[in-house]
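Student:
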Amino acid sequence: MIVVGIETSTPQTSVAIGTEREMLGSVSVAGKARQESVTPALAQLCRWTGIELSQVGGIAVGIGPGLFTGLRVGIETAKTLAQVLTVPIVGITSLDALAFSVRHTRKLIVAVTDGRRGEVFSAIYRALPGGVVRESEYSVGTPDHLTAELETLPEEMLAVGDGAILYRDQLEELGSRVELASTIRAHPEAASLVELAVPRFLREEHDRLHDVVPMYLRRSDAEIAWDNRERSAGA
721 MIVVGIETST PQTSVAIGTE REMLGSVSVA GKARQESVTP ALAQLCRWTG IELSQVGGIA
781 VGIGPGLFTG LRVGIETAKT LAQVLTVPIV GITSLDALAF SVRHTRKLIV AVTDGRRGEV
841 FSAIYRALPG GVVRESEYSV GTPDHLTAEL ETLPEEMLAV GDGAILYRDQ LEELGSRVEL
901 ASTIRAHPEA ASLVELAVPR FLREEHDRLH DVVPMYLRRS DAEIAWDNRE RSAGA
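Numbering (my numbering), first residue to last: 721 to 955.
1) With DSSP run on the structure shown, which of helix, strand or coil describes Thr833?
2) Name the residue from Arg928, Tyr858, Gly895 whose alpha carbon lies nearest to the alpha carbon of Leu878.
3) Starting from Ser859, trace the beta strand (DSSP E) in both directions and tell me its first and last residue.
4) For Gly851, which of helix, strand or coil comes out of DSSP?
5) Looking at the structure shown, is Arg792 part of a helix, part of a strand, or coil, going by DSSP?
6) What does DSSP give as the partner residue(s) for Tyr845 in the beta ladder?
7) Determine the extent of the alpha helix (DSSP H) in which Ala885 is found, giving its start and end residues.
8) With Ser814 as the anchor, note down where its alpha helix (DSSP H) starts and where it stops.
9) Tell me which residues share the same chain as Ala917 and place their Cβ nearer than 6 Å to its Cβ, disregarding the 5 neighbours each side in the sequence.
10) What span of residues does the alpha helix (DSSP H) with Glu899 cover, start to end?
11) For Ser774, count the other beta carbons within 10 Å of its own beta carbon; 16 or more makes it buried, fewer makes it exposed. Which is it?
12) On the three-state DSSP scale, how would you describe Pro919?
13) Counting along the chain, where does the beta strand (DSSP E) carrying Gln732 start and finish?
14) In whole angstroms, what separates the C-alpha of Ala980 from that of Asp889?
15) Residues in the same chain with beta-carbon distance under 7 Å from Ser734, minus the five sequence neighbours each way, listed in chain order, please.
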């Protein structure tokens, strides 16, 4: 089964194509043009791998939490592809994909992405044979709040993601119990989405199209700005 993965929740967009046997290829794009790069990147990847879209049997997409605009673009692209190709779709949280990328550790995994506004999105995982299992709720909060939560845990931890890199000083206050993963793993990868999605497709545990929506752990900047204007106007 051939699966396309699309991940757009962070400043690095990635697209991947793989099967239950192997990863055929992936492309990553960073920078201001990344939101418009999903379709061109997929077309380029199809050329490189020799895969026709008509051969694709499923679409996996990262649903966040993450950057609002990027998430909307990625999810709408994925849903459009699923409709046009008449194939099933699976939405996977981007923190799950991030944790999966470091699943070979024996330490507790802390997936942390930059939430902007001085906050981070995070979740805690434990590695299992072949994958990870989440042991906390998905959360948004300040780095200090996350550090205080981690301080209560007795185990050694591996922190992964651009949020861990950005706020490494706070995490390093926990001492040797916390290790920072390589910057190569700073962003969730579409390849991880493919690997996580394939077993679900094979078990026919895909999502209904209208249920694949962005995971928003807080309101957008635009919504907050609108409320502030409304309050100012009513003052």
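Note that the Cβ used here is the ideal one computed from N, Cα and C, for glycine as well.
Tutor: For this structure:
1) It is a strand residue.
2) Out of Arg928, Tyr858, Gly895, Gly895 has the C-alpha closest to the C-alpha of Leu878.
3) Following the DSSP letters along the chain, one finds Ser859 inside the beta strand (DSSP E) bounded by residues 859-861.
4) In the structure shown, Gly851 sits in a strand (DSSP, three-state: E or B).
5) Arg792 sits in a helix when the DSSP states are folded into three classes.
6) According to DSSP, which records beta bridges pairwise, Tyr845 is partnered with Ile829, Arg854.
7) Note that residue 885 is Ile in the sequence shown here, rather than Ala. Element bounds for Ile885: 882-886.
8) Where Ser814 is concerned, the enclosing alpha helix (DSSP H) stretches over 814-820.
9) The residues are Val723, Ala780, Val810.
10) Where Glu899 is concerned, there is no enclosing alpha helix (DSSP H), although the beta strand (DSSP E) it sits in stretches over 898-900.
11) Under this definition Ser774 is an exposed residue.
12) Of the three classes helix, strand and coil, the one that applies to Pro919 here is helix, per DSSP.
13) From DSSP, the beta strand (DSSP E) with Gln732 extends over 732-738.
14) Because the chain spans 721 through 955 in this model, residue 980 falls outside it and cannot be assessed.
15) Residues of the same chain with a CB within less than 7 Å of the CB of Ser734, apart from the 5 flanking positions on each side, are Glu727, Ser746, Val747, Ser748, Glu909, Ala910 in chain order.
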